[in-house]
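Peer 1: The listed protein sequences derive, respectively, from chains A and B.
Quick note on numbering: the first sequence equals residues 31 to 185 in the numbering used here.
Quick note on numbering: the second sequence equals residues 6 to 167 in the numbering used here.
Think of the CB as a built atom: it goes at the ideal place given N, C-alpha and C, for glycine as much as any other residue.
These figures come from a predicted structure and were not determined experimentally.
Quick one: the structure is below, questions incoming.
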Amino acid sequence: MEFFSWLQHTALASWVVQSESVWAYPSILTAHTIGLALLVGAASVIDLRLLGVAPRVPVAQLEYLYRFVWAGFWINLASGLLLFASEATEKAGQPIFIIKLILVIVALVVTIRMRREAFGRGTTAPSVRARRLAAMSLTLWAAAITAGRLMAYFK
Amino acid sequence: MAHTITWLGNTWLSSQMRDLKWLWPTCETLHFIGLSLLIGGAGLFDLRLMGFMRRVPVSAVRDFMPYAIVGFVLNLVTGVAFFVMMPAQYAYSLTWYAKLLFIVIAGLNAMLFETTLGTRVLTLGPDEDTPTSFKVVGAVSLFSWFAVLYCGRMLPYLGTGN
């Protein structure tokens, strides 16, 4: 707890919440939403294709979209750390935040494993395992978004 | 206009909706899921129009568009719900009008593509580069949707007149 208290009182964390500038909290929050759109937008297109949507799109070509998954992830890790630091003592003990973190980690692991399963082995049709991972990825990212949004309500 | 906004906020429907405490957070959550579908589906199509992922036929990426449209409709419905519940928060916000403007630009841009340029899509095979007109349409669309997202998220902080 001492660590979270120290973190919250660093100059950077204080600036995030106390600054009147739109470049502080509002822009960091917006960056977090842009990252979400990149990550979940790209992941959901890959998931939908593996589940049978747009069958004329060659699956192998969609591996390109993983760069947006990762771009979104790094934007959200950076912006998320800043948002966390600014309210560290409250967030660290907030159950819905812990649930969101777990959902993000599991969703990311599933999305990474899906890459190996669906793109690692030539141009065959998506395996049952790949489709199962795609369904999990779609569900888990939607759940992570839900938990993230509810952080504003379940204090 | 002030009169209409006050009237709307005082209607039975508006106050009933506000009384459902779970409705606002639920609409927000659906709005975020909708934007992911919209940016994911439309963004992929825009990238292809701009000349990326050339090994995918343009006509094939189009099969994702129904999901982008589901996302858009989800966000239209939840967006109207936000407006009915808290009309004053939007009607006096410059950022909200900017958001509407970008939605109109994205919509007109898509209509222009569908009505005039779109038929050329079918003649484009895999591995083929797109004409400049397609690249412009794709870039305008991609920029507009991210501008819509930006305005939406910055709405409580920008252009509120405070």
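What would DSSP say about residue 117 (chain A), mapped onto helix, strand or coil?
Peer 2: In the structure shown, residue 117 (chain A) sits in coil (DSSP, three-state: anything other than H, G, I, E or B).
Peer 1: Look up residue 123 (chain A) in the DSSP assignment and say whether it is helix, strand or coil.
Peer 2: coil
Peer 1: Report back the beta-carbon spacing between residue 99 (chain A) and residue 141 (chain A) to the nearest angstrom; my notes put them in contact at under 8 Å.
Peer 2: 6 Å
Peer 1: If you drop the 5 nearest sequence neighbours on each side, which residues of the same chain put their C-beta closer than 7 Å to that of residue 179 (chain A)?
Peer 2: So the list is empty, once near-sequence residues are dropped.
Peer 1: In chain B, what lies closer than 7 Å to residue 172 (chain A) by C-beta?
Peer 2: 38
Peer 1: Using a Cβ-Cβ cut-off of less than 7 Å, list which residues of the segment 20 to 33 of chain B approach chain A; keep chain order.
Peer 2: Within the segment 20 to 33 of chain B, the residues whose Cβ lies closer than 7 Å to some Cβ of chain A are 30, 33, listed in chain order.
Peer 1: Determine, for residue 48 (chain B), whether the minimum Cβ-Cβ distance to residues of chain A falls below 8 Å.
Peer 2: yes
Peer 1: Nearest to residue 27 (chain B) by alpha carbon, out of B:77, B:62, B:87?
Peer 2: B:87
Peer 1: Going by CA-CA distance only, name the one from A:55, A:93, A:34 that's closest to residue 144 (chain A).
Peer 2: A:93
Peer 1: Within the same chain, show all residues whose beta-carbon is closer than 6 Å to that of residue 145 (chain B), passing over the 5 residues directly before and after it, in chain order.
Peer 2: Result list for residue 145 (chain B): 114, in chain order.
Peer 1: Below 8 Å on the Cβ atoms is my guess for residue 21 (chain A) versus residue 115 (chain A); work out the distance and round it to an integer in Å.
Peer 2: What the structure shows of chain A is the stretch from 31 to 185, and residue 21 (chain A) is not part of that stretch, so it cannot be assessed.
Peer 1: Does DSSP put residue 171 (chain A) in a helix, a strand or coil?
Peer 2: helix
Peer 1: Give the interface partners of residue 44 (chain B) over in chain A, defined as CB-CB distance under 8 Å, in chain order.
Peer 2: Listed along chain A, the residues sitting closer than 8 Å to residue 44 (chain B) by beta-carbon distance are 67, 68, 71.
Peer 1: At which residue ranges does the segment 55 to 142 of chain B contain complete alpha helix (DSSP H) runs of 4 or more residues, listed in the order of the chain?
Peer 2: 63 to 66, 70 to 90, 92 to 96, 99 to 117
Peer 1: Using a threshold of 7 Å, is the CB atom of residue 33 (chain B) nearer than that to any non-hydrogen atom of the ligand HEM?
Peer 2: As far as ligands go, the structure on display features none, and thus does not contain the ligand HEM.
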